[in-house]
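S.K.: For the sequence shown, this note's numbering gives the first residue as 6, with consecutive numbering after it.
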Amino acid sequence: WKTTTQAANDIWDSPVYAEFFAAVRDVNSKLPAHARIRVFGGDPGPGDNRSRETAAFSVLKEHVFQKHGKALVIYGAAHFYRTLTMDYLSSMGGDSGLARRLEIDYPGRTFVVIPVGGLARPPAVKADIDPDHEKFDRALKTQVRPVLVPLQRLPFRDFTAEEFLGRTLTNCRGPGGCVSVFKGSTLTLGQMADACVYVGRGDDLATKAKPAR
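1. Would you check if the region 199-207 and the region 151-171 touch, i.e. whether three or more CB-CB distances between them fall below 8 Å?
2. Could you have a look at residue 14 and say whether DSSP puts it in helix, strand or coil?
3. Counting Cβ pairs, one atom from each stretch, are 3 or more of them under 8 Å apart for the region 85-98 and the region 135-144?
4. At a cut-off of 6 Å, is residue 129 close to the ligand ZN when judged by its beta-carbon and the heavy atoms of the ligand?
5. Let me check one thing: in DSSP terms, what residues is residue 37 bridge-paired to?
6. Please classify residue 63: does DSSP put it in a helix, a strand, or coil?
7. Report yes or no: do three or more beta-carbon pairs, one from the region 61-70 and one from the region 39-47, lie closer than 8 Å?
8. Locate the beta strand (DSSP E) running through residue 109, then write down its first and last residues.
9. Buried or exposed for residue 85, please, with buried defined as at least 16 other CB atoms from any protein chain shown within 10 angstroms of its CB.
10. Please state whether DSSP places residue 185 in a helix, a strand or coil.
11. For residue 176 and residue 90, I'd like the C-alpha separation in whole angstroms.
12. By alpha-carbon positions, which one of 87, 118, 123 and 29 ends up nearest to residue 106?
13. Quick one: what's residue 176 bridged to in DSSP?
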C-alpha cells in the first residue's frame, strides 16, 4: 500500500496508516470470511499517470457503485468539500473534488463528513480569521468531543467556511502572498458537507495546515 505516486512525499511514513491497517486486520480476525472488511487503495501506482481523484473514482465505480454496495471513503477533507471558490476550482484541473465527481455520476449516493476543529495558522499566512470555537461549543448540547454534528442544522449550517475551514486550504499563487482559499468567500459549512466531526478548539495544535498543491 506504500507503493503509490505519493510515496516520494513520505506521507505513508506517518504511523496512522500502519495503525489503521493493523486495526482492520484485528477486527477481521474475529469475523467470518463473508463479513470481513475489504480495503481498497485509491491512489495510482507507479507509472500510472491518472490523478489521485481519477484513480479513486475508478476504484469506487468498479468495486462499490457498479455492485450497488457501500463504502467508507477516507481521504483528506478537501477532497470531499461539496463546493469551493471559483478561483480555486479553476486551478484544480481535472481534480475538482472527489465528492463533487461522485455526485455528478451517482447523485444522492454520497454522505460527506469533514473534520472541524482547532488548527494552527499556516506559517506562510500572515493573518486570517481566528475561529470562534466558543460559538460552536455553545450551540452544542453535549460536551463530548469528538462529536458528529449535522451541518444542515442551524446554526451550524450558516457558519462560514472562511472561519472554520479557512486554515485547511492555502493558496500561495497570487500577488498578495499566501492566503486562505476561503478568504472573502460567502460559502457556509452547510454548503461544504452534510456533517462534521467536531473536535473542539484543540489544546494540541501540532497538526499544521499545509499549503495547497
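The beta carbon of each residue, even a glycine, is placed where N, CA and C say it ideally should be.
Bear in mind the structure is a predicted one, so any value in this text is a computation, not a measurement.
M.R.: Result, derived from the coordinates:
1. yes
2. As a position in the sequence shown, residue 14 is number 9, starting the count at 1. If DSSP states are grouped into helix, strand and coil, residue 14 belongs with the helices.
3. no
4. In the structure shown, the ligand ZN is absent, as is every other ligand, since no ligand is present at all.
5. Taking the first residue of the sequence shown as 1, we reach residue 37 at position 32. DSSP output for residue 37 lists no bridge partner at all.
6. Counted from its first residue, the sequence shown places residue 63 at position 58. Reduced to three states, the DSSP call for residue 63 is helix.
7. yes
8. By one-based count along the sequence shown, residue 109 stands at place 104. Segment 103-110 is the alpha helix (DSSP H) holding residue 109; no beta strand (DSSP E) there.
9. By one-based count along the sequence shown, residue 85 stands at place 80. Label assigned to residue 85: buried.
10. Walking along the sequence shown from the start, residue 185 turns up at place 180. Of the three classes helix, strand and coil, the one that applies to residue 185 here is strand, per DSSP.
11. Counting from 1 along the sequence shown, the entry for residue 176 is found at position 171. Counting from 1 along the sequence shown, the entry for residue 90 is found at position 85. One C-alpha to the other measures close to 11 Å.
12. Mapped onto the sequence shown, residue 106 falls at position 101. Of the candidates 87, 118, 123 and 29, the one whose C-alpha sits nearest the C-alpha of residue 106 is 87.
13. One-based indexing of the sequence shown puts residue 176 at position 171. Looking at the DSSP assignment, residue 176 forms a beta bridge with 184.
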